[in-house]
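**Q** Mind having a look at this structure? Questions to follow.
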Amino acid sequence: MALEIERKFLVKGEFSRDVFKATRITQGYLCSAPERTVRVRIKGGKGYITIKGGSDAAGLSRFEWEKEIPVGEARDLLALAESGVIDKMRYLVRNTDGIHTWEVDEFYGDNDGLVVAEIELAGENESFDKPEWLGQEVTGDPRYFNSMLMKNPYKNWK
């Protein structure tokens, strides 16, 4: 298994001028327990199944395993998923440091209005540039985990 290390931020400004790719994502969860999640995703016409372990105390890292599966199987598994499907557009944005790429997720449906940026790092203490459009850091805040957004969507926070 690979170790996923990422930081998550709210987006407060305009990032679109630096987008180099956009992909629609639909995902659901077969298991959304905090200590492990099993996610099914359709992304860009391809299907994926992902298993993630629980986050560390800071919410920075966790184990992750992902495998591409036929899109038809992904659709079938989504039909078995827990209620609350996540629908979002993912934008890839090159960071100003020329090393990292931001994944900016603009949510739709029950999470409409929420825009979150994530950056994957090689280590928990790795430095990176923070573009001007980044807002408050929400790394480790479980409300912003996709598996929680399906249970308590953004529309309920207001």
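Per my numbering, the sequence shown runs over residues 171 to 328. Beta carbons are placed, not taken as given, at the ideal position from N, Cα and C, and that holds for glycine.
Once DSSP output is grouped into helix, strand and coil, what is the label at M259?
**A** Position 89 of the sequence shown holds residue 259. Reduced to three states, the DSSP call for M259 is strand.
**Q** Does the region 225-245 come close enough to the region 181-189 to have 3 or more Cβ pairs within less than 8 Å?
**A** In short, these stretches do not touch, since the Cβ pair count stays below three.
**Q** Are E236 and E174 closer than 7 Å when you measure CB to CB?
**A** Residue 236 sits at position 66 when you count from the first residue of the sequence shown. Residue 174 sits at position 4 when you count from the first residue of the sequence shown. Going by C-beta atoms, E236 is not nearer than 7 Å to E174.
**Q** For the region 281-307, which segments carrying the beta strand (DSSP E) assignment without a break, of at least 3 residues, lie completely within its bounds, in sequence order?
**A** Runs found: 285-290, 304-307.
**Q** Compare the Cα-Cα distances from K178 to each of D280, L230, G217, K216 and report the closest residue.
**A** Residue numbering aside, residue 178 sits at position 8 when the sequence shown is read from its first letter. The shortest Cα separation from K178 among D280, L230, G217, K216 belongs to L230.
**Q** For a test of the three-state rule: what should DSSP assign to K237, helix, strand or coil?
**A** Within the sequence shown, residue 237 is the residue found at index 67, counting from 1. It is a strand residue.
**Q** Leaving out five residues before and five after E302 in sequence, what residues of the same chain have Cβ atoms less than 7 Å from its Cβ?
**A** Position 132 of the sequence shown holds residue 302. Answer for E302: G183, listed in chain order.
**Q** Could you name the residues that DSSP lists as bridge partners for F179?
**A** The residue given as residue 179 occupies position 9 in the sequence shown. A287, E307, per the DSSP bridge assignment.
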